[in-house]
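Asks: In this note's numbering, the protein residues as written are 219 to 324.
Quick reminder that beta carbons are idealized off the backbone N, C-alpha and C, glycines included.
1. Report all residues from its chain with a CB closer than 6 Å to the CB of residue 269; omit the five preceding and five following residues, and keep chain order.
2. Please state whether the Cβ-Cβ distance between residue 325 and residue 320 is less than 8 Å.
3. Below 6 Å CB to CB, which residues in the same chain sit around residue 247 once its five sequence neighbours on both sides are set aside?
4. Indicate whether residue 272 and residue 262 have their beta-carbon atoms separated by less than 8 Å.
5. Quick check on the DSSP output: what are the complete alpha helix (DSSP H) runs of length 4 or more inside the stretch 240-320, in order along the chain?
6. List the endpoints of the continuous beta strand (DSSP E) containing residue 223.
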């Protein structure tokens with residue numbers, strides 16, 4: 219079964235395009251990582267302070283995800299944080315899920 223890793227970001231109102239651009243232009247080694255399946259950046263609802271975004275990656279297993287978090291590629295991917303000062307209202311909130319059931323097209 220797969221593992222899904224998500225980070226929730228509360229992005230300051232009016233800074234959504236800037237946040238999206240940071241993600242579009244960032245260097246990523248994810249496609250080369252063993253066990254990586256897919257990445258999505260999702261834009262959710264807004265309230266009176268922020269817009270919710272979620273980074274969503276699917277991995278073949280929790281072990282593959284954990285290997286990535288210990289890799290040099292992970293450190294490179296997260297080294298650009300200072301460029302995002304003021305974009306977030308609070309730190310990202312991580313959520314990890316082991317798939318327990320799955321349906322795929324025939």
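Replies: On the basis of the supplied data:
1. Correct list, in chain order: 229 and 234.
2. Since the first residue of the chain shown is 219 and the last is 324, residue 325 is not available in this structure.
3. 291
4. yes
5. 280-287 and 290-295
6. Residue 223 -> beta strand (DSSP E) spans 221-230.
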